[in-house]
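Beneath this line is the structure, given in structure tokens, with notes to follow.
Residue numbers (this note's numbering): 60 to 460.
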């Protein structure tokens, strides 16, 4: 009995396995005693044998649930076409080329060319002292000494006061004690900012040059207009002008003026064309700055005087070199005058020169004496008239800002 009991304790019998473990149950025996639903059916494979010394072990295969990473993308070839041009920049350029702009006031149409062909050349010493009394008011004292350009005088003094605010109102007054005259201007927006109203006043001791004018400037996206009414030259005066942009480059306009005292009616007609010269093939794009080659051609006709005027302006280098030309011709007598002008802008100075058909040369050199705002500026002017065998020179200084 003792022998059979000990044998039954050392042997565990089941329907599927008979495991002898010297009193301990192996994991396989425990798994056989569990219900079928809880049995572990995972089979463990034996580890692969170690490789011989000196060899790299093989890479184990990936499970079916994982996939191999995609191969790296091939580098782009040199024959890949460049990306298309920026469509936004192309659209902006096309819009700018076809956009109508306001042509500006009729009176200022030839101002950009006249600034190149008509210089303020003077003799003697001219000094302007400016004083800012407030953010809205400025006073200027002007002295002109040792000049021969004023009849029967060698000196002159005048005082100018200017007042302006953010709303666009502007007041200007000039007092000349020598001439005993007062000149004034008043600008103010009217009609809710749709128009600009102006009052121009001039009073003198003898009354020969007294005038009182009222102007109204109108402007739209493609046109400007002006109406005048007042008293000048001893009678009433009526005037109107209109300037219209027909294309982005072409503008045409006209002006009519009637002076009642003289029973004279004057009419002027103007046409202006602006454009850009194409970049020469010999000039690279990095050297050809934006604005290079811009030009403006203007033609005017004065019916009362039968005078034809031609004006031309050419920008060689933006903000550096600008050229201008002016031609005036009398249709009846065929007499003409021509003036060529050039302007050279440097870092702190500007040089302007003109040459007319009679051989008269004028030049003006302006320079800043400091970099801070309001720094004084110094100017030198000279004129040599070979036809009349005369010369004159002068200098000027602007102090304050």
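No residue lacks a Cβ here, since even glycine has one placed at the ideal position from N, Cα and C. A quick note: this is a predicted structure, and the numbers were derived from the prediction, not measured.
As DSSP reads the structure, residue 435 sits in no beta bridge. Under a 10 Å Cβ-count criterion, residue 204 is classified as exposed, with fewer than 16 other Cβ atoms of the shown protein chains found around its own Cβ. Between the region 351 to 371 and the region 384 to 397 there are three or more inter-stretch CB-CB distances shorter than 8 Å, so the stretches are counted as touching. Using a 10 angstroms sphere on the CB of residue 181, the tally of other CB atoms reaches 16 or more, which defines it as buried.
Counting the other Cβ atoms within 10 Å of the Cβ of residue 421 gives 16 or more, which makes it buried. If you draw a 10 Å sphere on the C-beta of residue 285, you find 16 or more other C-beta atoms in it, and that means buried. Annotation for residue 449: the continuous beta strand (DSSP E) segment containing it runs 449 to 458. The alpha-carbon of residue 159 is positioned some 47 Å away from that of residue 450. Here DSSP, grouped into helix, strand and coil, assigns residue 405 to coil. In this structure, residue 262 sits near residue 240, with a CB-CB distance shorter than 8 Å. Of the residues 243, 270 and 274, the one whose Cα lies closest to the Cα of residue 257 is 274. Straight through space, the alpha carbons of residue 265 and residue 202 are spaced by roughly 24 Å. Per the Cβ contact rule, the region 185 to 200 is not in contact with the region 328 to 340 (fewer than 3 Cβ pairs under 8 Å). In terms of Cβ geometry, residue 399 and residue 417 do not form a close pair [threshold 8 Å].
Counting the other Cβ atoms within 10 Å of the Cβ of residue 323 gives fewer than 16, which makes it exposed.
Cβ contact annotation for residue 312 (same chain, cutoff 7 Å, sequence separation greater than five): 165, 300, 301, 302, 303 and 329, in chain order. For residue 441, the secondary structure class from DSSP, reduced to helix, strand or coil, is strand.
DSSP places residue 234 inside the beta strand (DSSP E), whose first and last residues are 229 to 235. The shortest CA-to-CA distance from residue 296 to any of 271, 305, 283 and 279 is the one to 271. Looking from the CA of residue 292, the closest CA among 169, 317, 234 and 174 belongs to 317. Between residue 383 and residue 250 the beta-carbon gap is near 37 Å, outside 8 Å, which marks them as no contact.
Shown here, residue 373 sits in a strand according to DSSP, grouped into three states. In terms of Cβ geometry, residue 426 and residue 436 form a close pair [threshold 8 Å]. In the displayed model, residue 251 falls within a helix according to three-state DSSP.
Using a 10 angstroms sphere on the CB of residue 252, the tally of other CB atoms stays under 16, which defines it as exposed. Per DSSP, the continuous alpha helix (DSSP H) segment holding residue 174 begins and ends at 170 to 176.
With fewer than 16 neighbouring CB atoms inside 10 Å of its own CB, residue 212 falls in the exposed class. When DSSP states are grouped into helix, strand and coil, residue 200 belongs to the strand group. Shown here, residue 274 sits in a strand according to DSSP, grouped into three states. Distance between residue 195 and residue 457, taken at the CA atoms: about 20 Å.
The beta carbon of residue 227 lies closer than 8 Å to those of 246, 247, 248, 252 and 255 in the same chain, with the five residues before and after it left out.
By the neighbour-count criterion, in which 16 or more other beta carbons inside 10 Å mark a residue as buried, residue 357 falls on the buried side. In chain order, 216 place their CB closer than 7 Å to the CB of residue 236, counting only its own chain and leaving out the 5 sequence neighbours on each side. Nearest to residue 198 by C-alpha distance, out of 219, 207 and 210, is 219.
Residue 295: member of the beta strand (DSSP E) spanning 294 to 304, first to last residue. Note on geometry: alpha-carbon atoms of residue 372 and residue 337 lie some 16 Å from one another.
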